[in-house]
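The number in my numbering is simply the position in the sequence shown, starting from 1, with 388 added. From the three backbone atoms N, C-alpha and C, an ideal C-beta is built for every residue, glycine too. Model, not experiment: these values are computed from the prediction. Report on the structure given below.
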Amino acid sequence: FSDTKEVQQHALIHQESKTHQCLHCDHKSSNSSDLKRHIISVHTKDYPHKCDMCDKGFHRPSELKKHVAAHKGKKMHQCR
389 FSDTKEVQQH ALIHQESKTH QCLHCDHKSS NSSDLKRHII SVHTKDYPHK
439 CDMCDKGFHR PSELKKHVAA HKGKKMHQCR
């Protein structure tokens, strides 16, 4: 994590009861932001981040970045 606030926010995931219920499945989240991310990534067909090379779509920019790197033969994560 890049800072203390992020660690604390992450810790809440493990401490809080998961009271935010998905209306589409049995998934529960500890906060509304996580529930929204779940719904978008699992239950929608909205892929706003499109690859210029093959037109494949992704929910998040980070997913597109990894995909484009694969087109270029780059490895995003390497063993040190």
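Residue environment, residue 421, which counts as buried when at least 16 other CB atoms sit within 10 Å: exposed
Considering only residues of the same chain and omitting the five flanking positions on each side of residue 428, which have a CB-CB separation below 8 Å? 434, 447
Can residue 408 and residue 423 be called in contact, C-beta distance under 8 Å? It is a contact, given that the beta carbons lie within the stated cut-off.
Which residues mark the beginning and the end of the alpha helix (DSSP H) in which residue 422 is found? Residues 420-431.
CA-to-CA distance, residue 450 to residue 461, given in whole angstroms: 17 Å
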